[in-house]
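**Q** Following numbering that gives the first Met the number 0, the numbering of the sequence shown begins with 0 at its first residue and continues without gaps.
We put the beta carbon where it would ideally sit given N, CA and C, even for glycine.
If you're wondering where the values come from, they're calculated on a predicted model, not measured in any experiment.
Got a structure for you, written out below as structure tokens; questions coming shortly.
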Amino acid sequence: MYEPCKTRYETMPYNRCGKSGLRLPALSVGLWQNFGVNNDYDTMKEIILTAFDHGVTHFDLANNYGPEPGRAEINFGRIFKENLRPYRDQLIISTKAGYEMWPGPYGGRGGSRKYLTASLDQSLQRMGLEYVDIFYHHCMTPDTPLKETALCLADLVRRGKTLYVGMSNYDGKTMHRMYHKCDDVQAPFVINQNRYSIFDRTVEKNKLLKEARDKGKGVICFSPLAQGQLSDKYAKGIPEGARLFGNEKLQAHVGYDGHRAQQIEKLYQLAKDRGETLSQLAIQWLWQQKGVTSVLVGVHSKAQLLENLAALEQPPLSEADLIRIDSYSK
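Now the structure itself:
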């Protein structure tokens, strides 16, 4: 029987989601990839339990995570049932809905009451949970009134299906409007989940980060390593076997080119000078951005998770380091 490490809460910082009472670990684990139908169950279990042993209390999912859609929730549910159920009150489990999930007019991309309610019920069933801690609307959906989405989220809270609600992939302008809609219907909107990294500053440009700070909402960042680019393995170019290797379409999608390769090499050297890995430097950079509550990492092994957790042991980036990072990322 699994027994978690007794000292698991001694080194992990926990940050408030904006002005709410909810706190998240500085590092959270996401199950977007590596928890699908083709992944090894023992490896998945090892990642989750190692994370919890190191104070990671937050695990993030979505209805469509897999592959296949829903498979990540099924796998997590099994790990939870077999190992973590006695510790449910020590966990923050989140899921999302918004992208296409099942056939027909009610399972496509959207934010309708019909879709969100059905999706959360399905997610709870897959994970074997009575409730989630955070339920996100996964993406902006212009064809659904924000008021309808907000009302549904508020109702799901009142029905005990979720404790808090959040928005994912919103921009600053839409988040501002949703803030007021949620406030009107007393939906406890506490956090935004967005892509953010040294290479992707969209949340700065579209004012999401500033709007969240101004409105007292948390921000959790996904893809902190820019889909692996901000790691040592890319320091000398794309390694054979990597997802980007020989895939020009994916390279274009993530912005990898000759200039990006030079940027990575400079950032790698800075990390090396500091005695850490590039991924640790990238995570530290996010921790030092005002308004960031938690950094969400996806890992394929225990070793990769431990490398990311070791960023907690590194000294903060200096002002000179931050200036160099900004100059290298332009």
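To the nearest angstrom, how far is the alpha carbon of glycine 412 from that of arginine 84?
**A** Since the first residue of the chain shown is 0 and the last is 329, residue 412 is not available in this structure.
**Q** Does DSSP put proline 85 in a helix, in a strand, or in coil?
**A** Proline 85: helix per DSSP, three-state reduction.
**Q** Answer yes or no: do asparagine 63 and methionine 43 have a C-beta to C-beta separation smaller than 7 Å?
**A** It is not a contact, given that the beta carbons lie outside the stated cut-off.
**Q** When the Cα atoms are used, what is the spatial distance from leucine 308 to leucine 26?
**A** C-alpha separation (whole angstroms): 7 Å.
**Q** Using a 10 Å radius around the Cβ and a threshold of 16 neighbouring Cβ atoms, would you call lysine 329 buried or exposed?
**A** Under this definition lysine 329 is an exposed residue.
**Q** Is the segment 254–271 in contact with the segment 292–309, if contact means three or more CB pairs nearer than 8 Å?
**A** Too few Cβ pairs lie closer than 8 Å, so no.
**Q** What is the residue span of the alpha helix (DSSP H) that glutamine 262 lies within?
**A** Per DSSP, glutamine 262 belongs to the alpha helix (DSSP H) from 257–272.
**Q** Would leucine 119 and lysine 160 be called neighbours here (beta carbons separated by less than 7 Å)?
**A** Yes. Within cutoff.
**Q** Look up histidine 350 in the DSSP assignment and say whether it is helix, strand or coil.
**A** Since the first residue shown for the chain is 0 and the last is 329, residue 350 is missing from the structure and cannot be characterised.
**Q** Does lysine 113 come out as helix, strand or coil in the three-state DSSP assignment?
**A** Note: lysine 113 maps to helix in three-state DSSP.
**Q** Go to arginine 194, then tell me how far its beta strand (DSSP E) extends in each direction, as first and last residue.
**A** First-last of the beta strand (DSSP E) with arginine 194: 188–194.
**Q** Comparing C-alpha positions only, which one of Gly17, Lys180, His137 sits nearest to glutamate 332?
**A** There is no way to answer for residue 332, as the model of the chain reaches only from 0 to 329.
**Q** Excluding the 5 residues flanking phenylalanine 34 on each side, which residues of the same chain have their C-beta closer than 6 Å to its C-beta?
**A** Answer for phenylalanine 34: Met43, Ala71, Asn74, listed in chain order.
**Q** Under 7 Å between the Cβ atoms of leucine 311 and leucine 277?
**A** Cβ distance not < 7 Å, so leucine 311 and leucine 277 don't count as in contact.
**Q** Kindly indicate which three-state DSSP category valine 36 falls into: helix, strand or coil?
**A** It is coil, neither helix nor strand.
**Q** Let's test the definition: count the other Cβ atoms within 10 Å of the Cβ of threonine 6 and tell me whether it reaches 16, buried, or not, exposed.
**A** Result: exposed.
**Q** Identify every residue that forms a DSSP beta bridge with isoleucine 78.
**A** In DSSP, isoleucine 78 forms no bridge with anything.
**Q** Is there a Cβ of chain C sitting closer than 7 Å to that of glycine 171, yes or no?
**A** The displayed structure is made up of one protein chain only, and chain C is not part of it.
**Q** Residue ranges of each beta strand (DSSP E) run of no fewer than 3 residues wholly in the segment 138–179, ordered along the chain?
**A** List check, beta strand (DSSP E) in window: 161–167.
**Q** According to DSSP, is histidine 57 part of a helix, a strand, or is it coil?
**A** Reduced to three states, the DSSP call for histidine 57 is strand.
**Q** Flag this pair as yes or no: are the beta carbons of tyrosine 98 and histidine 137 separated by less than 7 Å?
**A** A contact, by the Cβ cut-off of 7 Å.
**Q** Roughly how many angstroms separate the alpha carbons of serine 122 and valine 296, rounded to a whole number?
**A** About 21 Å.
**Q** Alpha carbon to alpha carbon, how far is aspartate 52 from tyrosine 1? Give it in angstroms, no decimals.
**A** Rounded to whole angstroms, tyrosine 1 to aspartate 52 spans 10 Å at the Cα level.
**Q** Please classify histidine 57: is it buried, with 16 or more other beta-carbons within 10 angstroms of its beta-carbon, or exposed?
**A** That one is buried.
**Q** Considering just the uninterrupted stretch of the alpha helix (DSSP H) at isoleucine 282, what are its terminal residues?
**A** Counting along the chain, the alpha helix (DSSP H) containing isoleucine 282 begins and ends at 277–286.
**Q** By DSSP's criteria, alanine 251 is part of a beta bridge. Which residues make up the other side?
**A** DSSP, once it has assigned bridges, lists no residue as partnering alanine 251.
**Q** Nearest by alpha-carbon distance to aspartate 128: which of Ile78, Ala186, Ile197 is it?
**A** At residue 128 the sequence reads leucine, which differs from the aspartate that was named. It is Ile78.
**Q** Quick check on alanine 234: does DSSP put it in helix, strand or coil?
**A** Strand.
**Q** DSSP on threonine 42, reduced to helix/strand/coil?
**A** Threonine 42: helix per DSSP, three-state reduction.
**Q** How many Å lie between proline 314 and tryptophan 31 at the Cα?
**A** When rounded, the distance between both Cα atoms is 29 Å.
**Q** Bridge partners for cysteine 220 per DSSP, in chain order?
**A** DSSP lists Asn193, Val294 as partners of cysteine 220.
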